[in-house]
Amino acid sequence: MCLKHSKGASESVPPFTSLFLDRPSNNPTVASVNTVLGSVRSNELGVTLLSESLMNVLPGAEYAYDIRIDRADVFDALEAKLLEFKAAGGGTIVDATGMFHGRDLRLYEALSRATGVHIVATTGQGPEAMLGGYFLTPQTNPPTPWPAQKFAELFGREVNDGMVVPRLERRAPAGMICTAVTEEGMTPTDASLVRGAARAGAAYGVPVFIRCGSDAIAEMQLARDESLDLQRIVMAGMDRRDAVENGWPMQVVNAGAHVCIDHIGSTSSNYLDDSERVALVKELIDAGYVDRITLSSSATGVSFGEPGNDLPYSNVLTHFVPMLLDAGVSEENVAMMLTTNAAHLLSVSGEVK
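Positions 2 to 354 (my numbering) are the ones given, in order, by the sequence shown.
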C-alpha cells in the first residue's frame with residue numbers, strides 16, 4: 002500500500018534527494034558511525050543497543066517548579082548504568098529519543114569519555130502529540146501541517162552540520178533519525194515527519210528509525226516512497242502484541258527492512274513477554290532473516306516528568322541473551338543481531354561531497 006497521496010497534505014517531491022538538500026559533509030570512503038565524540042569506525046562499536054534512552058525529559062518538565070534536574074546527579078546515575086552495561090560486554094548505546102526529550106550532548110560527551118561506552122545521539126521527533134507548538138503551527142493559508150521538506154531540512158542539518166545545543170552551537174552529527182507514528186493512526190503531521198525523516202536519511206546516509214503506529218507496513222512504504230533504501234529503515238515496536246498479530250515483523254524483514262525487537266524485559270500487557278520474544282526471534286531467524294534483526298530494551302537511564310522504563314542497559318545481555326542461547330540460537334546469530342547488524346545500519350553511507 003502506498004500512502005504518498007492518501008495520507009497527509011499533498012506536495013510535490015523532487016525526484017532525487019540530492020537536488021534539494023545540502024551535500025553531506027563527510028566522505029564515506031571508510032565505514033564510520035556518528036557518535037557524540039566524533040566519527041568512529043563501525044567495527045569498533047561492539048554490542049550495540051539501538052533503542053535506549055539516556056535522559057528522558059517530558060517536554061516542559063524542565064520548567065516545572067517541583068522538578069529538579071541536577072546534572073551532576075544525572076551524570077552519576079547514568080555513569081553507573083553505562084559502566085554496568087560495559088562490564089556485561091556492551092559497547093554502544095544509541096539514545097533514540099531524538100531532539101526534544103532531554104537530549105544533552107555535552108553530558109553525553111562527558112559520559113562517553115568517562116565510561117568508554119560509545120554513545121550515538123539522534124535527531125528527529127514524533128508522534129504529533131509530542132511535538133511543540135512551533136512544529137504544529139500551520140505554514141500555509143489555508144492551514145496545512147508542517148511539510149515534509151521542512152522536517153527534512155531540520156533533521157538533515159542535524160546530521161550534516163551537527164546537533165543543536167539550543168541558542169548556542171552545534172555539536173557532533175546525529176547518528177540516526179528517529180520518528181514515531183500515532184498508535185491510533187497516522188496523522189497528516191506524522192506523515193510529514195516520516196517523509197521528512199526519510200528524505201534526510203536518504204540524503205545523508207544515516208538510518209531512519211520509525212516507531213510504528215497502526216499500520217507498520219504502510220508507514221514503511223511511506224518512507225520507501227521518499228527514495229530511502231529499505232535496508233536503511235528500522236521499524237520499531239515489532240514486539241507489540243498487535244504488531245505480531247498482524248504479522249508485521251515477518252512482512253517488514255521480507256520486504257528488506259530491519260525490525261527492532263525493542264522492549265526486551267517489558268512486562269506490559271501491550272507487548273510480548275520475553276519467552277514470546279524468543280519465539281519471535283527464532284521464527285525470523287529460521288526464515289533466513291537474522292541479518293535484519295536488532296535487539297533493544299528501550300530502557301530509560303533517568304526520567305523527569307513521566308515514569309521511565311527502569312531496566313538496566315545490561316538486561317539484554319544478562320537476561321535475554323541466555324534465553325536465546327537456551328532456546329538454541331547460535332552465538333554467531335546472537336553476535337549478528339547485537340553487533341554486526343547495528344554496525345551496518347549505523348554506518349554513514351551518504352553521497353560523497
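Each residue gets a CB set at the ideal place from its N, CA and C atoms; glycine is no exception.
Just so it is clear, the structure is predicted and the values come from calculations on it, not from any experiment.
Which two residues bound the contiguous alpha helix (DSSP H) that contains A199?
Position 198 of the sequence shown, counted from the first residue, corresponds to residue 199. Here the alpha helix (DSSP H) through A199 covers P189 to Y205.
Just to confirm, is the Cβ distance from V37 to A173 under 7 angstroms?
Here the question's residue 37 lines up with position 36 in the sequence shown. Here the question's residue 173 lines up with position 172 in the sequence shown. Yes, the pair counts as a contact, with Cβ atoms nearer than the cut-off.
If contacts are defined as beta-carbon pairs under 8 angstroms, then A237 and R200 qualify, I think. What distance do you get, rounded to the angstrom?
In the sequence shown, the residue the question calls residue 237 occupies position 236. In the sequence shown, the residue the question calls residue 200 occupies position 199. Not a contact, Cβ separation roughly 19 angstroms.
Cβ-based neighbour list, R196, same chain, cut-off 7 angstroms, excluding 5 preceding and 5 following
One-based indexing of the sequence shown puts residue 196 at position 195. Only A149, L223 and E227 meet the Cβ criterion.
In whole angstroms, what is the alpha-carbon distance linking I120 and D96?
Taking the sequence shown and counting its residues from 1, the one referred to as residue 120 is at position 119. Taking the sequence shown and counting its residues from 1, the one referred to as residue 96 is at position 95. C-alpha separation (whole angstroms): 7 angstroms.
Give the DSSP-derived three-state secondary structure of H345 in the structure shown.
By one-based count along the sequence shown, residue 345 stands at place 344. Correct three-state label for H345: helix.
Would the stretch 239-250 and the stretch 201-210 be scored as touching if the rule is three or more Cβ pairs under 8 angstroms?
The count of Cβ pairs closer than 8 angstroms, one atom from the stretch 239-250 and one from the stretch 201-210, stays below three, leaving the stretches out of contact.
Mind checking S269: buried by the 16 CB within 10 Å criterion, or exposed?
One-based indexing of the sequence shown puts residue 269 at position 268. By the 10 Å Cβ count, S269 comes out exposed.
Within 10 angstroms of its Cβ, does I234 collect 16 or more other Cβ (buried), or is it exposed?
Along the sequence shown, read from residue 1 onward, the residue named residue 234 stands at position 233. Result: buried.
C-alpha gap between T180 and C213, whole angstroms
Position 179 of the sequence shown, counted from the start, is the residue given in the question as residue 180. Position 212 of the sequence shown, counted from the start, is the residue given in the question as residue 213. When rounded, the separation of the alpha-carbon atoms in T180 and C213 is 9 angstroms.
First and last residue of the beta strand (DSSP E) that includes R42?
Here residue 42 corresponds to residue number 41 of the sequence shown, with the count starting at 1. Per DSSP, R42 belongs to the beta strand (DSSP E) from G39 to R42.
Closest by CA to E85, which one among N316, V335, N342 and A336?
Reading the sequence shown from its first residue, position 84 is the one you call residue 85. Selected option, being the one with the closest Cα: N316.
Spatial distance of R225 from W147 (CA atoms)
Position 224 of the sequence shown, counting from 1, holds the residue named residue 225. Position 146 of the sequence shown, counting from 1, holds the residue named residue 147. Roughly 20 angstroms between the two C-alpha positions.
Let's see if you can read the secondary structure: which residues bound the beta strand (DSSP E) around A237?
Residue mapping note: residue 237 aligns to position 236 of the sequence shown, counting from 1. Start and end: I234 to A237.
Is it a yes or a no for the stretch 98-111 touching the stretch 49-64, going by three-plus beta-carbon pairs under 8 angstroms?
Here the stretch 98-111 makes contact with the stretch 49-64; the two share three or more CB pairs at distances below 8 angstroms.
Which runs of the beta strand (DSSP E) at least 3 residues long sit entirely within the stretch 47-125? Give them in chain order.
Runs of beta strand (DSSP E) with 3 or more residues, each lying fully within the stretch 47-125, are found at 48-58, 91-96 and 119-124, listed in chain order.
Which residues in the same chain as V254 place their Cβ atom closer than 7 angstroms to its Cβ, once the five residues preceding and following it in sequence are excluded?
On the sequence shown, position 253 is the one that residue 254 refers to. Closer than 7 angstroms at Cβ, skipping near neighbours: V260, L285, Y290 and R293.
V34, enclosing alpha helix (DSSP H) - first and last residue:
Here residue 34 refers to the residue found at position 33 when the sequence shown is read from its first residue. Careful: V34 lies outside any alpha helix (DSSP H), inside the beta strand (DSSP E) at S33 to T36.
Which residues does DSSP list as the beta-bridge partners of S304?
The sequence position of residue 304 within the sequence shown is 303, counting from 1. Answer is N57, bridged to S304.
Look at the alpha carbon of S359 and the alpha carbon of N161, and state the distance between them as a whole number of angstroms.
The chain is shown only over 2 to 354; residue 359 falls outside these bounds and no answer can be derived.
Anticipated Cβ contact below 8 angstroms, T123 with A175, distance rounded:
The count along the sequence shown starts at 1 and reaches residue 123 at position 122. The count along the sequence shown starts at 1 and reaches residue 175 at position 174. The Cβ separation is near 6 angstroms, so the contact holds.
Helix, strand or coil at V209 according to DSSP, with G and I counted as helix:
If you number the sequence shown from 1, residue 209 lands on position 208. Here V209 sits in strand by DSSP.
Looking at the unbroken alpha helix (DSSP H) that takes in V335, where does it start and where does it end?
For the purposes of this step, residue 335 is taken as the residue at position 334 of the sequence shown. V335: member of the alpha helix (DSSP H) spanning E332 to A336, first to last residue.
So, is the C-beta of T124 closer than 7 angstroms to a C-beta in chain C?
In the structure shown, chain C cannot be found, because there is only a single protein chain.
For R225, which of helix, strand or coil comes out of DSSP?
Position 224 of the sequence shown, counted from the first residue, corresponds to residue 225. Under the three-state reduction of DSSP output, R225 falls in the helix class.
Residues of its chain near D275, where Cβ-Cβ distance is below 8 angstroms and the 5 sequence neighbours each way are ignored:
Walking along the sequence shown from the start, residue 275 turns up at place 274. Its chain contains I265, G266, H320, F321 and M324 as the residues whose beta carbon lies nearer than 8 angstroms to that of D275, once the 5 sequence neighbours on both sides are disregarded; these appear in chain order.
Is the separation between the beta-carbon of A62 and that of G302 shorter than 7 angstroms?
For the purposes of this step, residue 62 is identified with residue 61 of the sequence shown, where counting begins at 1. For the purposes of this step, residue 302 is identified with residue 301 of the sequence shown, where counting begins at 1. In this structure, G302 does not lie closer than 7 angstroms to A62 by Cβ.
Ordered along the chain, which non-local residues of its own chain (more than five positions away) have a Cβ less than 7 angstroms from that of A115?
Position 114 of the sequence shown, counting from 1, holds the residue named residue 115. The residues are E80.
Separation of L326 from E332, as counted between CA atoms
Counting from 1 along the sequence shown, the entry for residue 332 is found at position 331. Counting from 1 along the sequence shown, the entry for residue 326 is found at position 325. For E332 and L326, the gap between their C-alpha atoms comes out near 7 angstroms.
From A288 to N342, what does the alpha carbon distance come to, in whole angstroms?
Taking the sequence shown and counting its residues from 1, the one referred to as residue 288 is at position 287. Taking the sequence shown and counting its residues from 1, the one referred to as residue 342 is at position 341. Taken atom to atom, the span from the alpha-carbon of A288 to that of N342 is near 17 angstroms.
For A181, which residues does DSSP report across the bridge?
Looking up residue 181 in the sequence shown gives position 180. Looking at the DSSP output, A181 bridges to R212.
Could you give the DSSP three-state label for H259: helix, strand or coil?
Counting from 1 along the sequence shown, the entry for residue 259 is found at position 258. Strand.
When the Cα atoms are used, what is the spatial distance from V118 to V48?
Position 117 of the sequence shown, counted from the start, is the residue given in the question as residue 118. Position 47 of the sequence shown, counted from the start, is the residue given in the question as residue 48. C-alpha separation (whole angstroms): 10 angstroms.
Do K82 and Y272 have their CB atoms nearer than 7 angstroms?
Mapped onto the sequence shown, residue 82 falls at position 81. Mapped onto the sequence shown, residue 272 falls at position 271. The Cβ atoms of K82 and Y272 lie no closer than 7 angstroms to each other.
Using CA atoms only, rank isn't needed, just tell me which of A217, S348, V182 and T188 is closest to E246.
Locating residue 246 in the sequence shown gives position 245, counting from the first residue. Distance from the Cα of E246 is smallest, within the candidate group A217, S348, V182 and T188, for A217.
Beta-carbon proximity list for P128, same chain, < 6 angstroms, skipping 5 on both sides:
On the sequence shown, residue 128 is found 127 positions in, with the first residue counted as 1. Leaving aside the five residues that flank P128 on each side, the residues in its chain whose CB is nearer than 6 angstroms to its CB run, in chain order, A181, V182, T183 and D191.
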